[in-house]
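Trainee: This structure is in structure tokens; I'll ask about it shortly.
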Amino acid sequence: MPTLADALTDPVAIAADDMLQRFRSPARLICALSGGSDSTGLLRALHAALPRHPGLSLEACTIDHGLRPASADEARAMAALCAQLGIAHHIRRWEGEKPASGLQAAARLARYRLLVDVAQARDAQAILSGHTANDQAETIAMRSLRSAPGQPGLAGMAPAVLLFGQVWLLRPFLPLSRAQIRLYLQSLGQAFIDDPSNDNPRFERVRLRQSMEPACLQPRPFFPFSKASDRAASGARIAALMGEEAASVGEGILRLSPRLCASAGEDDTARAIALLAAAMGGKAMPVGRETMGRVATFLQGGMPGRMTASGVVFDRRREGLFLYREARDLPVTRLLSGQEALWDGRYHVRNLGAAPLVLSSGGDAASLSLGHAGTDIADAVPKGVVRRAARAALRLSFADDRPVTRDMVVVRPALTLYDTFLPCFDRMIADQIAILIGCERYIRVPLTDLLQSGPW
1 MPTLADALTD PVAIAADDML QRFRSPARLI CALSGGSDST GLLRALHAAL PRHPGLSLEA
61 CTIDHGLRPA SADEARAMAA LCAQLGIAHH IRRWEGEKPA SGLQAAARLA RYRLLVDVAQ
121 ARDAQAILSG HTANDQAETI AMRSLRSAPG QPGLAGMAPA VLLFGQVWLL RPFLPLSRAQ
181 IRLYLQSLGQ AFIDDPSNDN PRFERVRLRQ SMEPACLQPR PFFPFSKASD RAASGARIAA
241 LMGEEAASVG EGILRLSPRL CASAGEDDTA RAIALLAAAM GGKAMPVGRE TMGRVATFLQ
301 GGMPGRMTAS GVVFDRRREG LFLYREARDL PVTRLLSGQE ALWDGRYHVR NLGAAPLVLS
361 SGGDAASLSL GHAGTDIADA VPKGVVRRAA RAALRLSFAD DRPVTRDMVV VRPALTLYDT
421 FLPCFDRMIA DQIAILIGCE RYIRVPLTDL LQSGPW
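The structure is reproduced here in structure tokens:
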């Protein structure tokens with residue numbers, strides 16, 4: 001069995017200990033435990049390090065996706081392992097219909113949602129997962145196949161991701177290889193589960209792993225961490241640009257400075273504009289690279305005019321660039337009493353009234369002020385911009401025609417870009433956009449200041 005001296009030299013034990021010492025005490029942590037070598041190694045290493053960090057507690061959660069006959073037995077085996085170690089364990093099952101396509105993406109989303117539910121119920125400060133440098137190398141290889149050089153995604157998985165705006169998922173094993181973790185488990189005499197889906201060519205990651213040269217997928221400890229640092233630095237520059245060169249000038253309208261338009265061909269500026277446009281359009285992804293190339297050409301031309309891309313109007317005026325939602329493909333949603341919905345990716349709306357509430361477009365500044373109190377259309381905004389933006393504004397009406405008052409409805413701006421996954425690289429950007437559109441800032445990574453200044 002490993003000794004204390006081993007714990008001070010084994011890279012797996014060091015990584016676990018290093019992560020725990022960065023938490024402020026007290027804190028409860030949830031280990032995402034599938035039973036594979038990576039998550040089992042994480043559980044055992046965290047458990048071994050825990051006595052050196054009073055005030056911290058560890059629990060584990062296994063998600064049974066219900067996709068294989070053996071999955072329920074494997075979840076029970078993880079419960080037994082945790083009972084042996086004295087660790088509280090939770091099992092959650094992914095219920096309901098499973099999609100015929102996009103299964104892995106749907107399973108990932110469901111897994112994270114269930115993990116967050118457990119973390120929230122247990123008042124945990126973070127979820128820890130066992131992603132390794134092998135996973136990172138595969139992720140970068142997959143993204144390289146469909147991304148142009150220099151794209152942000154090529155920095156790889158972030159060491160921390162905020163899930164659904166509620167709980168941070170941390171990845172302490174990203175610098176480690178799977179071989180290192182399995183050697184650690186071997187030293188403990190600890191068995192683990194080999195998931196047969198890891199060899200199923202139905203899934204893109206498996207096909208990539210099977211088709212590429214092994215050397216291309218080898219973990220590289222110092223890559224992509226240099227690129228991760230580059231992305232974090234770019235995020236800081238982009239957030240600063242947004243703070244200096246963008247302003248909210250009315251409900252659903254942003255004004256960007258002429259100086260920002262003039263530099264639209266530069267990478268950081270182009271990404272800032274793409275992200276702001278996505279926020280105004282309620283989109284989960286920024287405007288694509290090719291489309292942004294056309295937008296940049298239009299903006300750098302310096303002439304007044306309008307163009308539309310990804311459901312957003314780029315309205316170039318002498319005063320600068322105005323961004324607002326295009327009045328097209330806008331949904332009509334009916335909310336019963338007590339129900340809540342996300343409308344057009346831009347607003348969370350909850351009906352507190354007794355009658356059904358209809359969400360549609362063509363509102364005005366008065367109706368929208370229910371959700372963004374204190375913001376009026378600025379006098380300096382051209383009337384044409386106000387008129388066009390109002391066509392895509394949220395309109396609230398009760399089915400029985402009674403007036404909508406503030407006590408009958410809750411309206412909150414939404415930032416769909418980051419409300420599901422927020423990588424730590426983009427936290428400053430997300431906060432700056434949140435300020436511009438009237439959202440609350442996102443919670444910070446629950447670690448000490450030692451890592452807050454870096455990509456965390």
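FYI, the numbering for the sequence shown is 1 to 456, going by the numbering used here.
The C-beta atom is built at its ideal place from N, Cα and C for all residues, glycine as well.
Because the structure is a prediction, the values reported are computed rather than measured.
Is the beta carbon of residue 324 less than 7 Å from the beta carbon of residue 438?
Mentor: In the sequence shown, the residue the question calls residue 324 occupies position 324. In the sequence shown, the residue the question calls residue 438 occupies position 438. No, the pair does not count as a contact, with Cβ atoms beyond the cut-off.
Trainee: Quick one: grab the DSSP three-state call for residue 292.
Mentor: What you label residue 292 is simply residue 292 of the sequence shown in a count that begins at 1. Looking at residue 292 - three-state DSSP - the assignment turns out to be helix.
Trainee: Just curious, the beta strand (DSSP E) that residue 423 is in, first and last residue?
Mentor: Sequence index remark: in the sequence shown, residue 423 carries index 423 (1-based). Element bounds for residue 423: 421-423.
Trainee: Name the residue from 428, 115, 399 whose alpha carbon lies nearest to the alpha carbon of residue 480.
Mentor: Since the displayed the chain opens at 1 and closes at 456, residue 480 lies outside it and no answer follows.
Trainee: If you run the structure through DSSP and keep just helix, strand and coil, what is residue 298?
Mentor: Within the sequence shown, numbered from 1, the residue matching residue 298 stands at position 298. DSSP places residue 298 in helix when its eight states are reduced to three.
Trainee: Closest to residue 280 by CA distance: which of 177, 129, 414, 89 is it?
Mentor: Numbered from its first residue, the sequence shown carries residue 280 at position 280. Closest by alpha carbon: 414.
Trainee: Can you find a heavy atom of the ligand ATP that lies under 6 Å from the Cβ of residue 163?
Mentor: You won't find the ligand ATP in this model; it holds no ligand whatsoever.
Trainee: Whole angstroms are fine: how far does the CA of residue 89 sit from the CA of residue 443?
Mentor: Here residue 443 corresponds to residue number 443 of the sequence shown, with the count starting at 1. Here residue 89 corresponds to residue number 89 of the sequence shown, with the count starting at 1. The alpha-carbon atoms of residue 443 and residue 89 are separated by roughly 26 Å.
Trainee: Excluding five sequence neighbours on each side, which residues of the same chain lie with their C-beta closer than 6 Å to the C-beta of residue 126?
Mentor: Reading the sequence shown from its first residue, position 126 is the one you call residue 126. Cβ neighbours of residue 126 beyond the five flanking positions: 29, 168, 170, 446.
Trainee: Would residue 237 and residue 247 qualify as a contact pair, given that the criterion is a beta-carbon distance under 7 Å?
Mentor: Position 237 of the sequence shown, counting from 1, holds the residue named residue 237. Position 247 of the sequence shown, counting from 1, holds the residue named residue 247. Result no, Cβ atoms of residue 237 and residue 247 do not sit closer than 7 Å.
Trainee: List the DSSP bridge partners of residue 163.
Mentor: Taking the first residue of the sequence shown as 1, we reach residue 163 at position 163. Note: residue 163 sits in a beta bridge opposite 167, 421.
Trainee: Nearest-angstrom Cα distance between residue 400 and residue 421?
Mentor: Against the sequence shown, residue 400 aligns to sequence position 400. Against the sequence shown, residue 421 aligns to sequence position 421. Residue 400 and residue 421: Cα-Cα distance of roughly 38 Å.
Trainee: Residue 442 bridges to which residues according to DSSP?
Mentor: By 1-based counting over the sequence shown, the position of residue 442 is 442. Looking at the DSSP assignment, residue 442 forms no beta bridge with any residue, so it has no partner.
Trainee: Would you kindly work out how many angstroms separate the C-alpha atoms of residue 331 and residue 264, rounded to a whole number?
Mentor: Looking up residue 331 in the sequence shown gives position 331. Looking up residue 264 in the sequence shown gives position 264. Rounded to the nearest angstrom, the two C-alpha atoms are 31 Å apart.
Trainee: Kindly indicate which three-state DSSP category residue 175 falls into: helix, strand or coil?
Mentor: Residue 175 sits at position 175 when you count from the first residue of the sequence shown. Correct three-state label for residue 175: coil.
Trainee: At the level of alpha carbons, what is the spacing between residue 394 and residue 343?
Mentor: Counting from one through the sequence shown, the residue named residue 394 turns up at place 394. Counting from one through the sequence shown, the residue named residue 343 turns up at place 343. Looking at the two C-alpha atoms, the distance is approximately 8 Å.
Trainee: Measure the alpha-carbon distance for residue 426 versus residue 235 and round it to whole angstroms.
Mentor: Here residue 426 is taken as the residue at index 426 of the sequence shown, counted from 1. Here residue 235 is taken as the residue at index 235 of the sequence shown, counted from 1. The straight-line gap from Cα to Cα measures roughly 6 Å.
Trainee: Let me check one thing: in DSSP terms, what residues is residue 351 bridge-paired to?
Mentor: Along the sequence shown, read from residue 1 onward, the residue named residue 351 stands at position 351. The partner list for residue 351 (beta bridge, DSSP) reads 409.
Trainee: Span of the beta strand (DSSP E) holding residue 37?
Mentor: Taking the sequence shown and counting its residues from 1, the one referred to as residue 37 is at position 37. Segment 37-49 is the alpha helix (DSSP H) holding residue 37; no beta strand (DSSP E) there.
Trainee: Measuring CA to CA, which of 410, 433, 37 is closest to residue 419?
Mentor: On the sequence shown, residue 419 is found 419 positions in, with the first residue counted as 1. When each option's Cα is compared against that of residue 419, the closest is 433.
Trainee: Mark residue 315 as exposed unless 16 or more other C-beta atoms lie within 10 angstroms of its C-beta, in which case mark it buried.
Mentor: Counting from one through the sequence shown, the residue named residue 315 turns up at place 315. Burial call: buried.
Trainee: Quick one, which of 41, 358, 188, 403 has its alpha-carbon nearest residue 172's?
Mentor: Locating residue 172 in the sequence shown gives position 172, where the first residue counts as 1. With distances taken between Cα atoms, residue 172 lies closest to 41.
Trainee: Please go through the same chain and pick out, in chain order, the residues whose beta-carbon is closer than 6 Å to the beta-carbon of residue 92, but skip the five residues on each side of it.
Mentor: One-based indexing of the sequence shown puts residue 92 at position 92. Counting only Cβ-Cβ distances below 6 Å, and skipping sequence neighbours, we find 63, 114.
Trainee: Do residue 398 and residue 355 have their C-beta atoms closer together than 7 Å?
Mentor: The residue given as residue 398 occupies position 398 in the sequence shown. The residue given as residue 355 occupies position 355 in the sequence shown. Taking 7 Å as the Cβ cut-off, residue 398 and residue 355 qualify as a contacting pair.
Trainee: Rounded to a whole number of angstroms, what is the C-alpha to C-alpha distance between residue 10 and residue 38?
Mentor: Locating residue 10 in the sequence shown gives position 10, where the first residue counts as 1. Locating residue 38 in the sequence shown gives position 38, where the first residue counts as 1. If you take the alpha carbons of residue 10 and residue 38, they lie about 15 Å apart.
Trainee: Between residue 83 and residue 45, how many whole angstroms is the CB-CB distance? I'm expecting something under 8 Å.
Mentor: On the sequence shown, residue 83 is found 83 positions in, with the first residue counted as 1. On the sequence shown, residue 45 is found 45 positions in, with the first residue counted as 1. Wrong, their Cβ atoms sit about 19 Å apart, outside the cutoff.
Trainee: DSSP beta-bridge partners for residue 322?
Mentor: The sequence position of residue 322 within the sequence shown is 322, counting from 1. DSSP, once it has assigned bridges, lists 255, 315 as partnering residue 322.
Trainee: Assuming the contact rule is C-beta atoms closer than 8 Å, residue 282 and residue 328 should be a hit. Round their C-beta distance to whole Å, please.
Mentor: Within the sequence shown, residue 282 is the residue found at index 282, counting from 1. Within the sequence shown, residue 328 is the residue found at index 328, counting from 1. That belief does not hold up - the Cβ atoms of residue 282 and residue 328 are roughly 13 Å apart, past 8 Å.
Trainee: For residue 50 and residue 27, which I take to be in contact (beta-carbon distance under 8 Å), what is that distance rounded to the nearest angstrom?
Mentor: Translated into positions along the sequence shown, residue 50 becomes position 50. Translated into positions along the sequence shown, residue 27 becomes position 27. Not really, about 11 Å apart at Cβ, beyond 8 Å.
Trainee: Flag this pair as yes or no: are the beta carbons of residue 296 and residue 270 separated by less than 7 Å?
Mentor: Translated into the one-based positions of the sequence shown, residue 296 becomes position 296. Translated into the one-based positions of the sequence shown, residue 270 becomes position 270. Contact flag set, yes.
Trainee: Tell me which same chain residues have a C-beta within less than 6 Å of the C-beta of residue 161, skipping the five on either side of it?
Mentor: The residue given as residue 161 occupies position 161 in the sequence shown. Taken in chain order, the residues that qualify are 169, 421, 423.
Trainee: Span of the beta strand (DSSP E) holding residue 391?
Mentor: As a first step, residue 391 is located in the sequence shown; it is residue number 391 there, counting from the start. Where residue 391 is concerned, there is no enclosing beta strand (DSSP E), although the alpha helix (DSSP H) it sits in stretches over 383-391.
Trainee: Taking only three categories from DSSP, how would you classify residue 142?
Mentor: Numbered from its first residue, the sequence shown carries residue 142 at position 142. Here residue 142 sits in helix by DSSP.
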